[in-house]
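J.:
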Amino acid sequence: MIPTLRTTTSLDRMGMKRSDEAYISGLRDAPAARFLVLADAKPVINSNEAKTEASIRWFAQKELQDLGLPTADALFLGVERTTGVGHFAVAVSEHRAKNAPGGGAIMRPIVDLRSLAMQGVMSADDLSLIGQAKALTHWHESTHCCGRCGGTTMIKDAGWKRKCWACGQEHFPRTDPVVIMLVTDGERCLLGHEGRFQKEPRMYSTLAGFIEPGEDLEHAVRREIFEEAGIDVGEVRYHSCQPWPFPHSLMLGAIAMAKSTTINIDPAEIEEARWFTKADVQLMLDRKHPDNYWVPGQQAIARALIKAFVDGWWK
Numbered sequence: 001m002i003p004t005l006r007t008t009t010s011l012d013r014m015g016m017k018r019s020d021e022a023y024i025s026g027l028r029d030a031p032a033a034r035f036l037v038l039a040d041a042k043p044v045i046n047s048n049e050a051k052t053e054a055s056i057r058w059f060a061q062k063e064l065q066d067l068g069l070p071t072a073d074a075l076f077l078g079v080e081r082t083t084g085v086g087h088f089a090v091a092v093s094e095h096r097a098k099n100a101p102g103g104g105a106i107m108r109p110i111v112d113l114r115s116l117a118m119q120g121v122m123s124a125d126d127l128s129l130i131g132q133a134k135a136l137t138h139w140h141e142s143t144h145c146c147g148r149c150g151g152t153t154m155i156k157d158a159g160w161k162r163k164c165w166a167c168g169q170e171h172f173p174r175t176d177p178v179v180i181m182l183v184t185d186g187e188r189c190l191l192g193h194e195g196r197f198q199k200e201p202r203m204y205s206t207l208a209g210f211i212e213p214g215e216d217l218e219h220a221v222r223r224e225i226f227e228e229a230g231i232d233v234g235e236v237r238y239h240s241c242q243p244w245p246f247p248h249s250l251m252l253g254a255i256a257m258a259k260s261t262t263i264n265i266d267p268a269e270i271e272e273a274r275w276f277t278k279a280d281v282q283l284m285l286d287r288k289h290p291d292n293y294w295v296p297g298q299q300a301i302a303r304a305l306i307k308a309f310v311d312g313w314w315k
């Protein structure tokens with residue numbers, strides 16, 4: 001099972017050409033170039049009347065110029081593998097997008113990425129491209145000033161680097177590694193509920209936490225599980241990973257074998273944790289549990305880990 005938020009293969013990112021200004025400007029200024037617009041980090045999309053299908057609304061450069069929207073610092077996403085057409089992202093405020101001359105009609109609908117992923121109305125490739133653009137945009141918005149000297153940073157390498165004008169320090173897009181893990185004792189799995197999900201009191205998911213400096217994946221898994229639920233863990237196996245642009249994480253999925261089963265939660269971390277049988281979890285996956293318990297949807301790696309437990313992946 002593959003989560004819907006993943007890395008796209010439809011575009012070649014052409015990392016070796018990002019610093020070639022002539023190449024990038026040639027792609028950007030070509031009539032065939034296509035631009036994704038993020039309005040306050042939310043994409044402008046196409047959607048059918050029933051709102052059951054959606055896709056990225058790609059703009060030509062002239063369309064954006066006619067709307068008065070900037071393209072000079074557009075973020076380079078990559079080139080179409082078959083045609084070589086360049087694809088870019090432009091980030092503006094939602095107010096500016098909707099209030100551009102003629103923008104009120106064109107710049108709609110604007111929908112946040114998480115909703116699109118949860119609704120299952122958009123292709124995995126489109127979701128991935130939006131995620132890539134969203135993570136880059138967030139990084140740029142938080143890196144205007146140099147963390148070394150406080151000077152102003154400038155966009156370089158088609159949006160994949162910023163450089164301080166004062167001290168020359170180079171800054172690169174940030175990705176935060178996160179472990180997300182399903183704990184099992186062989187017959188049951190441990191799922192938790194976080195207090196921040198107040199609107200979904202019956203949703204249970206896997207545990208997760210940031211990898212700290214100097215840690216490997218296995219140590220982070222064991223530490224986080226013990227800190228959050230008081231469970232000692234032995235063997236840890238890597239399962240899969242998923243980019244998670246909220247705002248710029250990489251989720252490293254693992255399945256861990258419990259050495260103890262007595263739960264002792266840290267209420268500052270999670271609100272509740274409990275053991276569930278495979279039969280319970282299958283009902284939760286199918287949204288048929290008698291207590292209306294459920295697990296995250298297709299967009300999340302947590303569901304892939306939970307499904308792997310039910311399918312006997314550990315064997």
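Residue numbering for the sequence shown is 1 to 315, as defined by this note's numbering.
The beta-carbon is built from N, C-alpha and C at its ideal position, and this holds for glycine as well.
Because the structure is a prediction, the values reported are computed rather than measured.
(1) How many whole angstroms separate the CB atoms of M257 and V221, which I take to be in contact at a CB cut-off of 8 Å?
(2) For A300, which three-state DSSP category applies?
(3) Any idea what DSSP makes of W313, helix, strand or coil?
(4) Is the beta carbon of V37 sitting closer than 9 Å to the one on P31?
(5) Taking 9 Å as the cut-off, decide whether the C-beta atoms of I255 and F309 are in contact.
(6) Assuming V111 is part of the beta strand (DSSP E), what are its boundary residues?
(7) Please report the distance separating the alpha-carbon of R96 from that of F76.
(8) In its own chain, which residues sit with a C-beta less than 6 Å from the C-beta of E235, not counting the 5 before and 5 after it?
(9) Return the CA-CA distance between K163 and S19, expressed in angstroms with no decimal places.
(10) Decide if E224 is buried, meaning its Cβ has at least 16 other Cβ atoms within 10 Å, or exposed.
(11) Alpha carbon to alpha carbon, how far is G186 from G312? Give it in angstroms, no decimals.
(12) Which residue or residues does DSSP assign as beta-bridge partners of L207?
(13) How is T277 classed by DSSP in three states: helix, strand or coil?
(14) Using 8 Å for Cβ pairs, my map puts L305 next to H219. What's the rounded Cβ distance?
(15) K134: buried (16+ other C-beta within 10 angstroms of its C-beta) or exposed?
(16) Can you check DSSP and say which residues form a bridge with T152?
(17) Going by DSSP, which residues form a beta bridge with C167?
(18) With H, G and I counted as helix, E and B as strand and the rest as coil, what does DSSP make of Y23?
(19) Measuring CB to CB, does I45 end up less than 9 Å from L136?
(20) Spell out a yes or no on whether the region 153-172 and the region 180-194 are touching, meaning 3 or more CB-CB pairs, one atom from each, closer than 8 Å.
(21) Provide the residue(s) that pair with Y238 in DSSP beta bridges, ordered along the chain.
(22) Give the DSSP bridge partners of K161, in chain order.
(23) Can you give the beta carbon distance from A74 to F35, rounded, assuming they're within the 8 Å contact cut?
(24) Does K134 come out as helix, strand or coil in the three-state DSSP assignment?
(25) Rounded to whole angstroms, what's the CA-CA distance from G319 to Y293? Just pull it up for me.
(26) Of the residues A273, W314, M203 and L129, which one's Cα is nearest the Cα of N286?
(27) Quick check: the Cα distance between A33 and G120, rounded to an integer number of angstroms?
(28) So what does DSSP say about E272, is it helix, strand or coil?
(29) Assign G150 to one of two classes, buried (16 or more other C-beta atoms within 10 Å of its C-beta) or exposed (fewer than that).
(30) Using the beta-carbon count (16 or more within 10 Å), is G84 buried or exposed?
(31) Excluding the five sequence neighbours on either side, which residues of its own chain have a C-beta within less than 7 Å of the C-beta of M154, listed in chain order?
(32) Between the Cα of T152 and the Cα atoms of A158, T143, G159 and W160, which residue gives the shortest distance?
(33) Can you list, in chain order, the residues of its chain with a C-beta nearer than 7 Å to that of E194? Leave out the 5 residues immediately preceding and following it.
T.: Taking the coordinates as given:
(1) About 11 Å separates the beta carbons of M257 and V221, which is beyond the 8 Å limit, so they are not a contact pair.
(2) For A300, the three-state secondary structure derived from DSSP is coil.
(3) coil
(4) no
(5) yes
(6) No beta strand (DSSP E) holds V111; DSSP gives it neither H nor E.
(7) 21 Å
(8) M257
(9) 13 Å
(10) buried
(11) 9 Å
(12) M181
(13) strand
(14) That belief does not hold up - the Cβ atoms of L305 and H219 are roughly 19 Å apart, past 8 Å.
(15) buried
(16) C145
(17) Answer is none; C167 lacks a bridge partner.
(18) Three-state DSSP puts Y23 in a helix.
(19) no
(20) no
(21) DSSP lists A254 as partners of Y238.
(22) Secondary-structure assignment with DSSP links K161 through a beta bridge to K156.
(23) 6 Å
(24) helix
(25) Residue coverage of the chain in this structure runs from 1 to 315, which leaves residue 319 outside it and unanswerable.
(26) Inspection of the sequence shows that residue 286 is occupied by Asp rather than by Asn. D286 has its Cα closest to that of M203, out of A273, W314, M203 and L129.
(27) Taking the straight line joining both Cα atoms gives about 27 Å.
(28) strand
(29) exposed
(30) exposed
(31) R162, K163 and W165
(32) Ranking A158, T143, G159 and W160 by Cα distance to T152 puts T143 first.
(33) I270 and E271
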